[in-house]
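In this note's numbering, the protein residues as written are 28 to 429.
Every residue, glycine too, gets a C-beta built ideally from N, C-alpha and C.
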Amino acid sequence: MLFCSLVVAFLTNGNYAAGNEGTPPADMTGAPGTTETCLSCHSPGIGGNGSILITFNAGNNQYIAGQSYLMSVTLSQVGQKRWGFSMVARNSDNENVGTWIPTNIDSKTYASNTHIGHKNAPVMTDTYTFHFSWIAPATTGTGGITFYGVGNAANNDANSTDDYIYFQTVSITEIIPQPTVHLRLYLEGTLNAEATGMNTSLQSQGLLPSLQPYNIAPWYYNGTESITQPNPNITDWVLLEARNAANPSIVEARKAALLLSNGIVQDADGNLGVTFTGLATGSYYIAVKHRNHLAAMSAAPITLPNGNACASGSNCDLRLPQNTVQGNLILSDKGNGYWALSTGDINHDGAITFHDFNIWRSSIGFFTGYFATDVNLDGQTGLPDFNVFRPNFGKTTLTELR
Ligand SMILES: [Ca+2]
Ligand SMILES: [Ca+2]
Ligand SMILES: [Ca+2]
28 MLFCSLVVAF
38 LTNGNYAAGN
48 EGTPPADMTG
58 APGTTETCLS
68 CHSPGIGGNG
78 SILITFNAGN
88 NQYIAGQSYL
98 MSVTLSQVGQ
108 KRWGFSMVAR
118 NSDNENVGTW
128 IPTNIDSKTY
138 ASNTHIGHKN
148 APVMTDTYTF
158 HFSWIAPATT
168 GTGGITFYGV
178 GNAANNDANS
188 TDDYIYFQTV
198 SITEIIPQPT
208 VHLRLYLEGT
218 LNAEATGMNT
228 SLQSQGLLPS
238 LQPYNIAPWY
248 YNGTESITQP
258 NPNITDWVLL
268 EARNAANPSI
278 VEARKAALLL
288 SNGIVQDADG
298 NLGVTFTGLA
308 TGSYYIAVKH
318 RNHLAAMSAA
328 PITLPNGNAC
338 ASGSNCDLRL
348 PQNTVQGNLI
358 LSDKGNGYWA
368 LSTGDINHDG
378 AITFHDFNIW
388 RSSIGFFTGY
398 FATDVNLDGQ
408 TGLPDFNVFR
418 PNFGKTTLTE
428 LR
C-alpha cells in the first residue's frame with residue numbers, strides 16, 4: 028500500500044483494499060500549509076538509507092515564462108520494490124503555479140491538476156525514475172518557484188509498513204528575457220590582411236574615448252554608455268539600432284556598443300551582446316553605424332534575444348553580404364569569404380565622395396587622435412587612409428540608413 032489514504036480508507040470503510048497505488052492523496056508533500064505528509068501513515072517512514080532526487084531542466088534551476096521544462100524524480104533504496112511520488116509547484120505566496128504534463132504512463136495529474144504523482148505505482152527493485160514536464164506560468168513576473176516533492180520507497184507488501192518516505196524541495200528562479208542582440212561584423216579600415224580580425228590601435232594608444240562618441244551630428248545619440256571594464260580587444264565604438272520589423276525605416280531603440288577585434292559586438296559594461304533599453308523582446312531589423320564607415324543593416328528581422336552568441340554564418344553575421352540589405356553593393360570584399368563595412372565616410376552623410384576626400388586631404392598631418400579622417404583607425408590621418416577608402420568612391424547607403 029502506498030500513501031496514507033490507506034488508513035483513511037480503513038477508518039472510514041474498514042476496507043484495506045483501497046490503497047494508493049493508483050493515485051497518491053493530495054497535500055502530502057510537506058509544502059507550507061499541509062498538516063499531513065506520507066509519514067502520517069507509512070512506517071517506519073524515516074530512517075531509511077535511500078534517497079530522492081528531483082531534477083529540473085537538467086539541473087539548470089532557471090525558467091522563462093511560458094516555456095516547458097523536463098523534470099524527473101528518482102527514488103532509490105536498495106531492496107525496496109515499489110515507488111510512488113507526489114509534487115506541487117508553489118510561488119512565494121504558496122499558490123500553485125504552472126502546468127503539469129505527464130509524459131509517461133507511470134504518472135498523472137490530480138487534485139484539479141495542482142499535483143503530479145504516480146499512476147499505478149511502478150514495480151522495480153532498488154530504484155525508479157519518473158519523467159514528466161512542467162510548463163511555467165504564461166506571463167512574466169511570477170518570480171521564484173519552489174517544487175515540493177515527496178517519494179515513497181515501498182516494499183510492495185500491500186501494507187503501509189516497511190515503507191520509507193523522502194522529501195526534497197527544489198527552488199527555481201525566473202529569467203525575464205531581454206532584447207539582446209549578438210552580432211558579428213568587420214570594419215574594413217582596420218581589418219587585417221587575412222580578414223580574421225581587426226586592429227586595436229586606438230585602444231592600445233589610449234585614444235579610444237571612454238564615453239560613447241555618437242552624441243554629435245548626424246547621430247545626436249545622447250546615451251551615457253561608457254567603458255567600465257577595460258578590455259584590450261576593443262577596436263572601436265559602434266552605434267546599433269533596432270528597427271521595426273514591418274517598417275525598417277522606424278528606429279525603435281538605439282545603443283552604443285563596443286566592437287571587439289574578432290568582430291563580436293558587446294555592451295560597454297562588458298556583457299556579451301547588446302541589450303536595448305526599453306525595448307520589448309521580439310523581431311527587429313538590426314542596423315549598425317560607425318563614425319567613418321558606411322552603415323549596414325540585417326537583411327531580415329532578427330528575433331531578440333538571439334541566443335547567447337552570434338554563430339558564424341548565421342543571420343546575425345553581417346560579415347556575409349547575404350545577411351545585409353545592400354549586400355555586396357555596399358560591403359567591401361576582404362577575401363577568405365568575409366566582407367566588411369566600407370570605410371571612408373568622413374563627413375557621415377552615408378556616401379563616399381569627393382567631399383570626404385577633401386576633408387581628408389586638408390587634415391593630413393602628424394597629429395595623433397580620435398579623428399573621423401582616420402579611416403583605418405590607426406590614430407593618424409595619412410596616406411594609408413586614402414589607400415583604403417579610395418576603392419569605395421561612389422558607394423552610397425540607403426537613405427533610411429544615413
Ligand atoms: Ca509496505
Ligand atoms: Ca561622405
Ligand atoms: Ca589612419
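At least 8 Å separates the beta-carbon of His142 from that of Ala280.
Looking at Gln293, Ser253, Thr302, Thr136, the one whose alpha-carbon comes closest to that of Ser160 is Thr136.
Cα atoms of Thr395 and Glu201: separation of roughly 49 Å, rounded to the nearest angstrom. If only complete runs of 3 or more residues are kept, the region 217-292 shows the beta strand (DSSP E) at 261-271, 278-287, in order along the chain. For Ser95, the Cβ stays outside the 7 Å cut-off from all heavy atoms of ligand 1. By the 16-neighbour rule on beta-carbons within 10 angstroms, Leu267 is buried.
Of all alpha-carbon atoms in Ile357, Val402, Gln94, the one lying nearest the alpha-carbon of Asn84 is that of Gln94. Contact between the region 215-235 and the region 110-121 is not established, with fewer than three Cβ pairs separated by less than 8 Å. Segment contact: the region 251-262 against the region 286-298, three or more CB-CB distances shorter than 8 Å; contact assigned. When the beta-carbon positions are compared, Gly125 and Ala138 stay at least 8 Å from each other. Secondary structure of Asp360 (DSSP, three-state): strand. In the three-state scheme derived from DSSP, where H, G and I count as helix and E and B as strand, Glu201 is classed as strand. When DSSP states are grouped into helix, strand and coil, Asn147 belongs to the coil group. Between Ala58 and Ser325, the alpha-carbon positions lie close to 50 Å from each other. Within 7 Å of the C-beta of Asn374 there is at least one heavy atom belonging to ligand 2. Around the beta carbon of Leu66, 16 or more other beta carbons sit within 10 angstroms, so the residue counts as buried. Between Asp360 and the set Gly75, Thr130, Leu212, Tyr191, the nearest pair of CA atoms involves Leu212. Restricting attention to Gly421, Arg417, Gly371, the CA atom closest to the CA of Thr400 is found in Gly371.
The C-beta distance from Arg429 to Asp376 rounds to 7 Å, short enough to fall under 8 Å. Per DSSP, the continuous beta strand (DSSP E) segment holding Phe157 begins and ends at 154-162. Listed as beta-bridge partners of Met55 by DSSP are no residues whatsoever. Of the other Cβ atoms in all chains shown, 16 or more fall within 10 Å of the Cβ of Glu252; this residue is therefore buried. Taking the Cα of Ser187 as reference, the smallest distance to any Cα among Gln407, His69, Val415, Gly170 is reached at His69.
With a 10 Å radius around the Cβ and a threshold of 16 neighbouring Cβ atoms, Gln89 comes out exposed. Put simply, of Thr64, Thr217, Ala180 the residue whose alpha carbon is nearest the alpha carbon of Asp405 is Thr217.
Cα atoms of Pro204 and Leu425: separation of roughly 32 Å, rounded to the nearest angstrom. A distance below 6 Å between beta-carbons, with the five flanking residues on each side excluded, links Thr173 to the following residues of its chain, in chain order: Arg117, Thr196, Ser198.
In its chain, beyond the 5 residues on either side, Pro206, Ala269, Glu279, Ala280 have a beta carbon closer than 7 Å to the beta carbon of Leu306. In the structure shown, Thr426 adopts helical secondary structure according to DSSP, grouped into three states.
Ordered by chain, the residues meeting the criterion of a beta-carbon within less than 6 Å of a non-hydrogen atom of ligand 3 are Asp401, Asn403, Asp405, Gln407, Thr408, Gly409, Pro411, Asp412. When His145, Leu299, Ile373, Ile132 are compared, the shortest CA-CA separation from Gly334 is found for Leu299. In the DSSP assignment, the residues bridged to Lys316 are Leu266.
Set against 7 Å, the gap from the CB of Asn182 to the closest heavy atom of ligand 1 is smaller. In the three-state scheme derived from DSSP, where H, G and I count as helix and E and B as strand, His382 is classed as helix. Assigned with DSSP and collapsed to three states, Ala367 falls in strand.
Between Ala367 and Glu215 a beta carbon distance of about 4 Å is seen, short of the 8 Å cut, so the two are scored as contacting.
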